[in-house]
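Structure first, commentary second.
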Amino acid sequence: MKQRGRHRRQKRGRALRAFLAGTALALTAAATMISASQATVSKDPGGLKTLAGSAAEFRLRERLVPQATLDRLASGMGRPVGVRAVLDDADHSLRTPADCATADRAALPVEPAATRAYCWDAADTRGWRAGAVTTSGDADDDGHWGEHRVLLSGWTHAGRAGAPGLARVAFVDADDPDNLVYTWALLAVPVDGGRDYRGLASAVSGMTWYQGKLLVTTADGLYVYDLHRVQRATVDSGRVGKVPGGWSAHGYRYVLPAIGSYRPTPGAARPEAISLDRSTAPDSLVASERVSSDSDRHTRLWRYAFSADPARAGLLATDAAGEATATRAYETKTTDVSGVLSYGSNWYLDRAADDPAGHGTLWRQNTHDARATQCGTDESTSCWSGRAGSLSYWEETGEVWSQSGRMLYALPLSSIDRSLG
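Structural data, given as structure tokens:
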């Protein structure tokens, strides 16, 4: 992706920050109604503990799809397209808070308040569970992909007996903050040497878009997608894969076939939540696992380096055996982590609510201490979003993006730091 000059990036960044400062939304009314059962103070997990000599606990083995397989699929489906072509086909709109249901708005953070928020249409998301969010602020350091500002939102369909069904990603054109439009692409995996594909049948809990590659967490590890290789579906049906007359993607116009995966080696931790950290040199991928509050062990956090090889842009750095190894790892007493973010010396951990109808807790931890955002006269730490989700930091604008239920929202990282008790 061609980089623009620093002056242009700074100019666009200043203009956008000025716009956001002048148009911040008043979104606290629905979120400030906290019941007595929610007004609790979470136990302080203390500072992070550095894990030394534990690289084997976080090894991922890279498996790339053969180029011949991808070429055969493209030959059958037609020439792949990129993000711009998908955005040009946007046929849905996100709603502004005034048009969102009260129950949906109640899932927003209490403190700090969201400065931008949108909701998905209930009919378009019925039967689907919101997962991870990533942005063009992750993809490129100027915050744009080409000329566009873009959000990607991952969702998982509830399959039979509660098992995950299909997974999809919304490509959101965010150029106009007052009019976000989007369209869907199905996540898929090539099979039979590229003669067909199947749907990705796994819950999406984390996503990071970096230099043209989209990394998606699944029950098996990470799947890798190339956003230069989006395929068009040619048949509109509920089936997935090759069908009489062409190719179907469960009724969606686009399908993303995986180009590879990263699987944990035997005994290694599986990433549950991921995000990009642009404060390191070079940029790094941070990850966390999900450990329940009744477990007898602590939650591990770690990071991977990205490859410096231009031919492997967006892929993780691997050794001669094709394995990615953590460059740094920590342990935290915070449990039920569903979103992770690292910037500078601080880690931000999104802890899910104990009560499905309650609010979660957002902790900021480093190796010295831990602090949580607080709200109410009793200094409650149950102030974060109702159904905690992934975290993504858009460095160009200073915003953190997340998703809770049908609400997609953003707020400044600086406001999170100011709200810490």
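Sequence positions in the sequence shown follow mature numbering (1 follows the signal peptide of the UniProt record, and there is no 0) and run -26 to -1, 1 to 395. All C-beta atoms in this analysis are idealised placements derived from N, C-alpha and C, irrespective of residue type, glycine included. Treat the numbers as computed from the prediction; the structure is a model and nothing was measured.
DSSP places alanine 77 in the helix class (H, G or I) of the three-state scheme. The C-beta distance from glycine 128 to valine 178 rounds to 4 Å, short enough to fall under 8 Å. For leucine 82, the three-state secondary structure derived from DSSP is coil.
Between arginine 274 and serine 316 the beta-carbon gap is near 13 Å, outside 8 Å, which marks them as no contact. Rounded to the nearest whole angstrom, the C-alpha separation of aspartate 170 and leucine 38 is 17 Å. A contact between stretches requires three or more CB pairs, one per stretch, nearer than 8 Å, and the segment 322 to 337 fails this requirement with the segment 71 to 78.
CA-to-CA, the gap between leucine 387 and tyrosine 199 works out to about 28 Å. Residue state for arginine 46 is assigned as helix, using DSSP reduced to three classes. DSSP places alanine 104 in the uninterrupted beta strand (DSSP E) bounded by 102 to 109.
Counting of Cβ neighbours within 10 angstroms places histidine 224 among the buried residues, the total reaching 16 or more.
At the C-beta level, threonine 157 and alanine 64 come within 8 Å of one another. Under the three-state reduction of DSSP output, glutamine 377 falls in the strand class. Contact between the segment 78 to 85 and the segment 239 to 256 is absent, with fewer than three C-beta pairs closer than 8 Å.
Inter-residue distance for cysteine 93 and alanine 175 is about 25 Å (C-alpha atoms, whole angstroms).
The three-state reading of DSSP puts aspartate 170 in strand, counting E and B together. Distance from the CA atom of alanine 346 to the CA atom of arginine 338, rounded to whole angstroms, is 6 Å. For valine 39, the secondary structure class from DSSP, reduced to helix, strand or coil, is coil. According to the DSSP secondary-structure assignment, isoleucine 248 is paired through a beta bridge with Ala261. Contact between tyrosine 322 and leucine 365 holds: CB atoms are separated by about 6 Å, below the 8 Å threshold.
Within the same chain, Cβ atoms closer than 7 Å to the Cβ of alanine 132 are found at Gly101, Arg103 and Gly139, the five residues on either side in sequence being excluded. One Cα belongs to tyrosine 236, the other to glycine 215, and the distance between them is close to 23 Å.
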